[in-house]
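Reading through the structure tokens given below for one structure.
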Amino acid sequence: MQARGGIDLHTHSRISDGTEPPADVVAAAVAAGLSAIALTDHDTTAGWAEARAAAEATGLGLLPGVELSTRLEWRSVHVLGYLIDPEHPALVAETAKIRDARRSRARRIVERIGADYPVAWSDVLAQTSPGSTVGRPHIADALVALGIESDRSAAFAGILHPRQGYVEPHYAPTPQDGVRLIRAAGGVPVLAHPGAAGRDRVLGESVVGELVDAGLFGLELYHRENTPDGRERVAELAARFGLAVTGSSDYHGSGKPNRIGENTTAPDVVARIVAEATGSAPVQPVP
Ligand code: AMP
Ligand code: FE
Ligand code: FE
Ligand code: ZN
320 MQARGGIDLH
330 THSRISDGTE
340 PPADVVAAAV
350 AAGLSAIALT
360 DHDTTAGWAE
370 ARAAAEATGL
380 GLLPGVELST
390 RLEWRSVHVL
400 GYLIDPEHPA
410 LVAETAKIRD
420 ARRSRARRIV
430 ERIGADYPVA
440 WSDVLAQTSP
450 GSTVGRPHIA
460 DALVALGIES
470 DRSAAFAGIL
480 HPRQGYVEPH
490 YAPTPQDGVR
500 LIRAAGGVPV
510 LAHPGAAGRD
520 RVLGESVVGE
530 LVDAGLFGLE
540 LYHRENTPDG
550 RERVAELAAR
560 FGLAVTGSSD
570 YHGSGKPNRI
580 GENTTAPDVV
590 ARIVAEATGS
600 APVQPVP
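Numbering (the working numbering), first residue to last: 320 to 606.
Structure (structure tokens):
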């Protein structure tokens, strides 16, 4: 679905677990010939100002957004929120709570790994930007810098895989509460990569029905982590519940193989997102 002039609704900067500053993510989008992107760092809007300035300077359209970490039982569920009010008190409080929980969880994970491998919390901090959302990717980067793992993907398949016993979950609201919160903050919620491996329970009809009741706008159908079976299921659910479908890269700079613009979202869907949002406005007319 790559298209010149396309719109990629899911990207990360080093404000969370991407590897580039927000301005470089904007530059990468311009170089790829995209017309607009959404910046959706995990649980933070701290990259918005830099991305906005870069978008204004280059003419790229920008939908400021966020990717909210939620959890259903033991399953991690990501909810994209577009054009939220970044100062909405409940959203500010909840994202701060998640980031704090992520940080203390990462410290405990590193302590456990440190019992078996020569890695310390300071090695992980060295891989983060000030104030950024800390996650397993930064622990992976520290393990790579120390020569313990060869790259992020190897670290996720190795030491950071749950079966190794080092990782633990962090506090996160339910996806239903996450969707409600994004709507309360004037944003438009879309379930991220819902057809990825292991998401089948999340995709259960009763849960999707609850998310729709909570205000869900759409499902991220075109995403490289959605499996062929998952895509079929996502498309069926979208049709059944009248949900929009989106496409995006989930670009993380060099932190993941995903190329910016490798999947894009139809302009009419983006126009509906912009029309429904009341929390903030896109930078430059989008689409
Ligand atoms: P966490 O939220 O701290 O458990 O870490 C999960 C994050 O790690 C996700 O948001 C992904 O962006 C990233 N991630 C997951 N698997 C990989 C991988 N194989 N390579 C690079 N990044 C990954
Ligand atoms: Fe990520
Ligand atoms: Fe995600
Ligand atoms: Zn993402």
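Where a beta carbon is used, it is the ideal one built from N, C-alpha and C, also for glycine. As the structure is a prediction and not an experimental result, all values here were calculated from the model.
Between Ala600 and the set Ser335, Gly384, Ala376, the nearest pair of CA atoms involves Gly384. Assignment of Gly514 by DSSP, reduced to helix, strand and coil, places it in the coil class.
Rounded to whole angstroms, the separation of the alpha carbons of Ser448 and Gly337 is 10 Å. Contact holds between the region 532 to 548 and the region 513 to 520, because three or more Cβ pairs, one in each stretch, are under 8 Å apart. Closest option to Pro408, judged by alpha-carbon separation, among Pro508, Leu500, Val553, Leu402: Leu500. Taken atom to atom, the span from the alpha-carbon of Glu551 to that of Asp519 is near 12 Å.
The residue from Gly505, Arg422, Ile403, Arg502 with its alpha-carbon nearest to that of Ser335 is Arg422. DSSP lists Ser388 as the beta-bridge partner residues of His397. The three-state secondary structure of Leu535, taken from DSSP, is coil. Each residue's CA atom was taken as its position, placing Leu353 and Gly378 some 11 Å apart. Arg482 counts as exposed, since fewer than 16 other C-beta atoms from the protein chains shown sit within 10 angstroms of its C-beta. Taken in chain order, the unbroken stretches of alpha helix (DSSP H) that lie wholly in the region 432 to 502 and span 4 residues or more are 440 to 444, 455 to 464, 471 to 476. Residue range 563 to 566 is occupied by the beta strand (DSSP E) that includes Val564. In the DSSP secondary-structure assignment, Ile326 is bridged to Ala355.
Cβ-Cβ separation between Leu391 and Pro494: approximately 6 Å, consistent with a contact (criterion under 8 Å). Judged by the Cβ position, Gly505 fails to qualify as a neighbour of ligand 1 at the 6 Å threshold, every heavy atom of the ligand being at least this far. Counting of Cβ neighbours within 10 angstroms places Asp435 among the exposed residues, the total staying below 16. Collapsing the DSSP output to three states places Val344 in a helix. In the structure shown, the three-state DSSP call for Leu556 is helix.
Glu595: member of the alpha helix (DSSP H) spanning 586 to 595, first to last residue.
Taking a contact to require three or more Cβ pairs closer than 8 Å, the region 435 to 445 and the region 456 to 464 qualify as touching.
Rounded to the nearest whole angstrom, the C-alpha separation of Glu544 and Pro340 is 24 Å. At least one heavy atom of ligand 4 is found less than 6 Å from the C-beta of Asp569. Between Ser567 and Leu328, the beta carbon gap of about 4 Å places them in contact (Cβ cut-off 8 Å).
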